[in-house]
Each structure stands twice: as structure tokens, then as C-alpha cells.
Amino acid sequence: MGTDFEELEMIADFYNTHDRRMRFENDPGVEHLNRPEDLKRWLERYHLISKEDEVNDQDLNIAIQLRNETRKMIVNNVFDGQGDAADTLKELNELLNSFNFTFRFTGEHEELLPLQRGGRKGLGHLLVLIFELRRQKMWNRIRVCSAADCQWVFVDRSRPGTGKWCTMKACGNRAKNKAYRERKKTEGHSC
Ligand SMILES: [Zn+2]
Numbered sequence: 023m024g025t026d027f028e029e030l031e032m033i034a035d036f037y038n039t040h041d042r043r044m045r046f047e048n049d050p051g052v053e054h055l056n057r058p059e060d061l062k063r064w065l066e067r068y069h070l071i072s073k074e075d076e077v078n079d080q081d082l083n084i085a086i087q088l089r090n091e092t093r094k095m096i097v098n099n100v101f102d103g104q105g106d107a108a109d110t111l112k113e114l115n116e117l118l119n120s121f122n123f124t125f126r127f128t129g130e131h132e133e134l135l136p137l138q139r140g141g142r143k144g145l146g147h148l149l150v151l152i153f154e155l156r157r158q159k160m161w162n163r164i165r166v167c168s169a170a171d172c173q174w175v176f177v178d179r180s181r182p183g184t185g186k187w188c189t190m191k192a193c194g195n196r197a198k199n200k201a202y203r204e205r206k207k208t209e210g211h212s213c
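Numbering (my numbering) for the sequence shown: 23 to 213.
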């Protein structure tokens with residue numbers, strides 16, 4: 023259980039491979055997964071695949087879809103159209119059909135394992151992790167920053183686990199100041 027937070031950090035980093043923080047108006051953010059090699063490097067960094075594993079265009083395509091669809095499951099995500107939850111899960115669950123899993127009993131515990139090789143194996147490991155974190159009721163600690171111009175995905179280690187901002191210093195204060203200014207403005211209007 024001690025490594026749960028590390029696993030959560032890895033998942034947050036997966037979402038942040040599309041960095042949505044805006045540096046100027048209408049900034050689309052930065053996409054870090056542009057080529058199969060980018061995905062390979064990311065999966066290798068977290069030991070989800072080994073050097074010998076090959077990652078192709080299809081894996082990249084599935085990774086991006088997986089990132090978009092599972093991101094909608096982040097509990098405080100209001101940016102990705104949670105509107106129709108059933109539809110959200112339908113697309114994700116259809117995507118899961120491109121994966122094959124099995125499970126193994128070991129001495130102490132059971133393991134869910136991806137059956138495929140290459141990039142798909144790495145993404146399969148990632149999915150198993152998401153599955154496990156949800157089962158362990160740890161998933162809610164993956165949060166998205168409530169600032170629309172940030173949307174950085176972070177891990178909330180606080181006891182209540184209901185954080186709204188990636189950092190209180192930057193985004194939290196910015197939101198507070200904005201609320202203050204807006205309150206001032208409406209107060210002004212009412213006079
Ligand atoms: Zn933020």
C-alpha cells in the first residue's frame with residue numbers, strides 16, 4: 023500500500039502529458055505525446071514496458087484516447103463534459119476491448135496482467151493500476167485543478183482528499199482574488 027501515492031503520481035503525470043496550462047489566451051497547451059517514440063519513452067520511464075518493447079502508431083492513438091476517456095472519470099473534473107456519465111463510460115469500455123488481460127495467483131496476492139506485448143502491454147499495466155486504485159478507493163485522490171486556465175492534474179495527499187487547486191500559492195490565490203474582484207464589481211453595480 024505504501025507505493026499507492028507513487029502510482030497516483032504516475033497516473034497524474036500521464037494526464038499531464040497533455041499540459042493544458044495556458045500561458046496566453048486560447049493557448050491549446052502542450053502535447054507531449056506526439057510520436058510513438060514519445061509514448062515509448064514515457065512508458066519506459068515508469069517501467070511499464072522494457073527497452074525491447076515496440077510502440078507503434080496504433081498504441082499512440084489508443085494511449086491518447088485512453089488518456090481522454092479516463093480523464094473524464096476524475097471526480098472533480100468539470101472540464102471534459104461529464105454531462106452524460108453513461109456515454110463517457112461507454113466509449114471507455116469500448117476502448118477496453120482492444121486489451122486482453124489475465125490474472126495470476128501468487129503466494130501472497132493475486133495479479134491482473136496484460137497479455138499483449140509492446141506499447142499495448144504498457145498501457146494495459148496502466149489500466150490495471152487505475153482499476154486497482156479505484157477498487158482501493160484511492161482514485162478520488164487524482165484531482166484536476168479547478169482553475170480553467172490550469173487544469174493541471176495532481177495527487178491530493180491531504181487527509182480529506184478534496185483539494186481543488188494544484189497549488190494554493192498560484193491557482194488557489196488567483197481564484198480567490200478573481201472571486202474578490204468579481205464580488206467588488208457586483209457590489210459596485212448595486213450602488
Ligand atoms: Zn492549477
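Heads up, the beta-carbon is just placed ideally off N, CA and C, and yes, glycines get one too. As the structure is a computational prediction, the values presented were derived from the model and not from experiment.
Could you give the DSSP three-state label for Leu70: helix, strand or coil?
coil
By the 10 Å Cβ neighbour count, where 16 or more other Cβ atoms means buried, how is Asn199 classified, buried or exposed?
exposed
Who does Arg126 pair with in a DSSP beta bridge?
Glu133
What residues come near ligand 1, if near means a beta carbon less than 5 Å from any of its heavy atoms?
Cys167, Ala169, Cys172, Trp174, Cys188, Cys193
Of all the CB atoms in chain B, is at least one closer than 8 Å to the CB of Asp109?
The structure shown contains no chain B, having only a single protein chain.
Using a threshold of 8 Å, state whether the C-beta atoms of Glu29 and Leu111 are closer than that.
no
Would the stretch 26 to 41 count as touching the stretch 157 to 172 if we require 3 or more Cβ pairs under 8 Å?
yes
Please go through the same chain and pick out, in chain order, the residues whose beta-carbon is closer than 6 Å to the beta-carbon of Gly185, but skip the five residues on each side of it.
Arg165, Asp178
So, helix, strand or coil for Thr208, using DSSP?
helix
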